[in-house]
Amino acid sequence: MKYMLLLANAPDRWTATDATPTDGVIDDWGAYTRALFEAGVLVNGGGLASPAAATAVRVRAGKRLITDGPFAETSEHLIGYYVLECADLDVALHWAARAPNARTGTIEVRPLSPGQTPAETLGRLGIAFTGS
Amino acid sequence: MTTALEVAGRDERARLVGALARRLGDLDLAEDAVQEAFARAVVRWPIDGTPARPAAWLATTAWRAALDRVRSIRRRPEAGDALEELPDAVVAATDAALEVEPAALVVADDLLRLIITCCHPALAPDARVALTLRHVAGLTAREIAAAFLVAEATMEKRLVRARAKLRAAGVRFELPPRPALEERLADVHAVIYLVFTEGYASGGDGPAIRADLCDDAIWLARQLRALTPDDPEATGLLALLLLQRARLDARVDTDGALVAYEDQDRARWDQAAIAEARGLLGSTGVGDLGPYQVEAAIALLHAVAPTAQTVPWARIAELYTVLLRLAPSPVVAVNRAFAVASAVGPATGLEALRPLLDDATLARYAPLHLVHGELLWRSGAQAAAAEAWQQAMQCTKHAGPRAALQQRAARVGITLTSTE
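Just so you know, the protein sequences line up as chains A and B, in that order. Residue numbers for the first sequence, in my numbering: 31 to 162. Residue numbers for the second sequence, in my numbering: 2 to 421.
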């Protein structure tokens with residue numbers, strides 16, 4: 031069975047793009063990713079850009095509603111994820127609006143931070159990992 | 002002193018910002034480089050003489066300034082951090098790829114691209130307004146802050162955040178394909194209208210820069226109409242703004258108090274602007290009818306009626322019915338009821354108002370109670386009218402409209418109490 035780990039942090043703590051991470055933080059993530067890899071449980075992952083880069087998409091009465099910032103009703107919970115390769119935000123918003131749950135829920139569109147996939151993290155440690 | 006906008010046209014400046022933003026994928030870099038080019042022009046042109054092709058000179062100078070900045074960031078020894086200031090495309094590009102023939106720098110759609118990107122729906126509405134005024138209209142952060150009555154630092158922060166969002170979210174300075182383009186143009190119309198109403202709300206009161214927003218919005222609407230000549234809504238928007246602007250000065254009396262529409266001195270309305278709007282509306286065919294065209298048609302009927310007593314209310318009521326279908330909103334519904342009452346009689350108007358009065362979400366909507374009071378008064382229900390006006394008073398915050406409301410009631414011997 032595959033499991034997804036949803037990583038959360040308080041906004042005032044270090045996040046991917048808000049501040050320059052200290053070497054210690056990078057070491058911690060490297061060690062953790064290596065442990066997952068060596069245990070054979072690692073499938074894939076990634077770091078997200080700051081919530082300030084987020085855009086919310088909803089479709090109501092057939093009309094696309096786009097708003098600035100992460101937007102989730104407290105009554106909503108995560109039901110899944112897709113990672114898309116798109117030329118720009120407009121293309122990503124186009125595909126987000128076509129998801130079935132856009133009509134009833136919200137889709138948050140946020141860029142992935144470059145260089146933060148497990149393959150890249152492990153690559154810096156000299157380990158080849160292509161995902162599974 | 003010569004300012005940047007006197008060196009070349011305001012639209013030339015914006016087009017150049019758009020061209021550089023498209024090339025560099027970054028509004029900060031583009032704006033800084035264009036500013037530097039204009040600053041150099043202010044110094045050099047009086048000495049060297051105005052170049053034969055001023056626009057090409059500015060484009061070349063701005064592009065060189067941008068390249069210098071890109072190269073200096075890329076050269077820094079601790080490039081790791083500094084590179085984050087640059088968009089990925091610029092970091093990846095070789096120097097040769099960044100060499101562009103200045104004549105080819107600016108292309109036809111660069112201004113439209115810039116406007117559409119500044120009005121991107123992924124930005125908060127106030128950020129769209131700020132970016133459009135800053136980068137398209139060329140206002141400084143200080144000027145925008147003064148016009149919106151916020152601290153300069155607040156406006157500066159809003160602009161920085163908005164540009165960071167565009168960069169971080171991966172927005173490119175490109176035109177979306179149809180039909181997304183139409184949706185995005187509607188967003189642009191809304192931003193321009195928002196700029197106008199902010200200026201209009203000042204009623205000529207407060208700092209002059211606030212009333213200037215009306216003219217900035219008209220300038221933006223003119224640019225947009227020139228860029229999207231096939232869009233009748235762009236024409237409708239420009240006509241609507243011209244018609245409202247034509248009456249702006251007559252809206253306030255010499256003491257700065259708001260003057261009700263029927264009491265306005267029609268001789269003070271700007272006849273040239275009204276004539277231009279009439280010509281514009283005559284030029285739009287019978288294509289897609291949109292809300293701005295209908296609103297402009299209503300405003301035109303008001304503007305050309307010789308007196309307040311000869312306004313063609315029946316035609317206005319019909320247009321409001323169309324508008325209510327195209328763009329339903331409480332303000333349109335209230336205005337429609339008022340027009341119906343003026344055309345047919347207060348009882349029919351009150352009937353049209355009934356569903357709005359039954360809507361609990363509109364309980365604190367001042368225009369509803371204002372018009373309700375007006376129609377009750379016309380139907381002879383004086384005590385009920387006084388009650389409705391008092392309710393309107395309780396929902397009105399600003400001093401100007403409060404005074405106008407009290408004045409209206411006082412004219413028929415009703416004193417409204419000024420409870421907060």
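In this text, a Cβ means the ideal position worked out from N, Cα and C, and glycines have one as well. Predicted model only: the values in this text are computed from it and were never measured.
At a CB-CB cut-off below 7 Å, which residues of chain B make contact with T85(A)?
The sequence position of residue 85(A) within the first sequence is 55, counting from 1. At a C-beta separation below 7 Å, T85(A) has these neighbours in chain B: A123 and A170.
C-alpha distance - E388(B) paired with G374(B), whole-angstrom precision
Mapped onto the second sequence, residue 388(B) falls at position 387. Mapped onto the second sequence, residue 374(B) falls at position 373. Each residue's Cα considered, the two are about 7 Å apart.
Mind checking if E296(B) is an interface residue toward chain A, Cβ cutoff 8 Å exclusive?
For this step, residue 296(B) is matched to residue 295 along the second sequence. Contacts with chain A at 8 Å (Cβ-Cβ) do not include E296(B).
Please name the residue or residues paired with A86(A) in a DSSP beta bridge.
By one-based count along the first sequence, residue 86(A) stands at place 56. Its beta-bridge partners are T97(A) and E138(A).
On the DSSP bridge list, what partners appear for L195(B)?
As a working note, residue 195(B) is residue 194 in the second sequence. L195(B) is not bridged to any residue.
Taking the alpha carbon of V108(B) as the point to measure from, which residue in D49(B), E175(B) and A142(B) has its own alpha carbon closest?
Your numbering for residue 108(B) matches position 107 in the second sequence. Selected option, being the one with the closest Cα: E175(B).
With three or more beta-carbon pairs closer than 8 Å as the criterion, would you say the stretch 58-66 of chain B touches the stretch 33-43 of chain B?
They touch, by the three-pair rule.
Checking 8 Å against the spacing of the C-beta atoms, do L115(B) and A163(B) come in under that value?
To locate residue 115(B), count along the second sequence from 1; it is residue 114. To locate residue 163(B), count along the second sequence from 1; it is residue 162. No, the pair does not count as a contact, with Cβ atoms beyond the cut-off.
Paired residues, beta bridge with L78(A) - DSSP
As a working note, residue 78(A) is residue 48 in the first sequence. Paired residues: L142(A).
Beta carbon of W378(B), beta carbon of L417(B): below 8 Å?
Here residue 378(B) corresponds to residue number 377 of the second sequence, with the count starting at 1. Here residue 417(B) corresponds to residue number 416 of the second sequence, with the count starting at 1. Taking 8 Å as the Cβ cut-off, W378(B) and L417(B) do not qualify as a contacting pair.
Can you find a heavy atom of the ligand PLP that lies under 7 Å from the Cβ of V341(B)?
Annotation note on the ligand PLP: not contained in the displayed structure, which lists no ligands.
Option in A181(B), I210(B) and S343(B) with minimal Cα separation from L140(B):
Within the second sequence, residue 140(B) is the residue found at index 139, counting from 1. Ranking A181(B), I210(B) and S343(B) by Cα distance to L140(B) puts I210(B) first.
At the level of alpha carbons, what is the spacing between F159(A) and G153(A)?
Numbered from 1 along the first sequence, position 129 holds the residue referred to as residue 159(A). Numbered from 1 along the first sequence, position 123 holds the residue referred to as residue 153(A). Note on geometry: alpha-carbon atoms of F159(A) and G153(A) lie some 7 Å from one another.
Interface residues of chain B facing L119(A) [CB-CB closer than 9 Å]:
Residue mapping note: residue 119(A) aligns to position 89 of the first sequence, counting from 1. H121, A123, L167, A170, G171, V172 and R173, listed in chain order.
Cβ neighbour criterion (16 or more within 10 Å) applied to M31(A):
Locating residue 31(A) in the first sequence gives position 1, where the first residue counts as 1. With fewer than 16 Cβ atoms within 10 Å of its Cβ, M31(A) is classed as exposed.
Interface partners of A82(A) on chain B, CB under 8 Å:
As a first step, residue 82(A) is located in the first sequence; it is residue number 52 there, counting from the start. Near A82(A) (Cβ distances below 8 Å), the residues of chain B are R162, A165, K166 and A169.
Which of the three DSSP states is assigned to L25(B) in this structure?
Here residue 25(B) is taken as the residue at index 24 of the second sequence, counted from 1. The answer is helix: DSSP assigns L25(B) an H, G or I state.
Leaving out five residues on either side along the sequence, give the residues of the same chain with a beta carbon under 7 Å from the beta carbon of D111(B).
The residue labelled residue 111(B) in the question sits at position 110 within the second sequence. If we look at D111(B) and ignore the five residues flanking it on each side, its Cβ neighbours are R16, G19, A20 and R23.
Can you check whether the CB of Y293(B) is closer than 8 Å to the CB of G237(B)?
Translated into the one-based positions of the second sequence, residue 237(B) becomes position 236. Translated into the one-based positions of the second sequence, residue 293(B) becomes position 292. Their beta carbons are under 8 Å apart, which means G237(B) touches Y293(B) by this criterion.
Mind the definition here: the stretch 299-314 of chain B touches the stretch 278-285 of chain B only if three or more C-beta pairs lie below 8 Å; say whether that holds.
Touching, yes.
Proximity test, Cβ basis, 8 Å: A127(A) and chain B:
Against the first sequence, residue 127(A) aligns to sequence position 97. Taking CB atoms only, A127(A) has no neighbour in chain B less than 8 Å away.
Closer than 7 Å by C-beta to A334(B): which residues in its own chain qualify, once you throw out the five before and the five after it? Chain order, please.
As a working mapping, residue 334(B) is identified with position 333 in the second sequence. Closer than 7 Å at Cβ, skipping near neighbours: L325 and L357.
Look up T47(A) in the DSSP assignment and say whether it is helix, strand or coil.
Numbered from its first residue, the first sequence carries residue 47(A) at position 17. A caution first: T47(A) carries a pLDDT of 43, below 50, which makes its placement in the model too unreliable to give a value.
Using DSSP with H/G/I as helix, E/B as strand and the rest coil, what is V335(B)?
Counted from its first residue, the second sequence places residue 335(B) at position 334. In this structure, V335(B) counts as helix in the three-state DSSP scheme.
Do we get a CB-CB distance below 8 Å when we pair F159(A) with the residues of chain B?
Here residue 159(A) refers to the residue found at position 129 when the first sequence is read from its first residue. So, not an interface residue.
Classification of R394(B) by the beta-carbon crowding that lies within 10 angstroms, buried from 16 upward
By 1-based counting over the second sequence, the position of residue 394(B) is 393. For the record, residue 394(B) in the displayed sequence is Met; it is not Arg. Classification of M394(B): buried, given that the 10 Å Cβ count is 16 or more.
Just confirm the distance between the C-beta atoms of G157(A) and F67(A), as a whole number of angstroms; I'd bet it's less than 8 Å.
As a first step, residue 157(A) must be located in the first sequence, where it is residue number 127. As a first step, residue 67(A) must be located in the first sequence, where it is residue number 37. Rather than Gly, the amino acid found at residue 157(A) in this sequence is Ile. I157(A) to F67(A), Cβ: 6 Å. Contact.
Please classify I56(A) as buried or exposed, where buried requires at least 16 other C-beta atoms within 10 Å of its C-beta.
By one-based count along the first sequence, residue 56(A) stands at place 26. Counting the other CB atoms within 10 Å of its CB gives I56(A) a total below 16, which places it among the exposed residues.
Between the stretch 142-156 of chain B and the stretch 119-131 of chain A, do three or more beta carbon pairs fall short of 8 Å?
Taking 8 Å as the limit for Cβ pairs, the verdict is that the stretch 119-131 of chain A does not touch the stretch 142-156 of chain B.
Cα-Cα, which of V413(B), A367(B) and Q408(B) is closest to A382(B)?
Start at 1 with the first residue of the second sequence, and residue 382(B) comes out as number 381. Measuring from the Cα of A382(B), the nearest candidate turns out to be V413(B).
So that I know if they touch, is there some Cβ in chain A lying closer than 8 Å to that of P177(B)?
Along the second sequence, read from residue 1 onward, the residue named residue 177(B) stands at position 176. Closer than 8 Å: yes.
Name the DSSP beta bridge partners of V424(B), please?
The question about residue 424(B) has no answer, for chain B in this structure spans 2 to 421.
According to a CB-to-CB cut-off of less than 9 Å, which residues of the stretch 235-268 of chain B neighbour chain A?
Cβ contacts with chain A come from no residue of the stretch 235-268 of chain B.
Could you tell me how far apart the beta carbons of L354(B) and L363(B) are, in whole angstroms, since I believe they sit closer than 8 Å?
Walking along the second sequence from the start, residue 354(B) turns up at place 353. Walking along the second sequence from the start, residue 363(B) turns up at place 362. Contact between L354(B) and L363(B) is ruled out by a C-beta separation of about 10 Å, above the 8 Å threshold.
If you reduce the DSSP assignment to three classes, tell me which class R316(B) lands in.
The count along the second sequence starts at 1 and reaches residue 316(B) at position 315. Assigned with DSSP and collapsed to three states, R316(B) falls in helix.
Kindly indicate if chain B contains any beta-carbon less than 8 Å away from that of D98(A).
Mapped onto the first sequence, residue 98(A) falls at position 68. Yes - at least one Cβ of chain B is within 8 Å of the one on D98(A).
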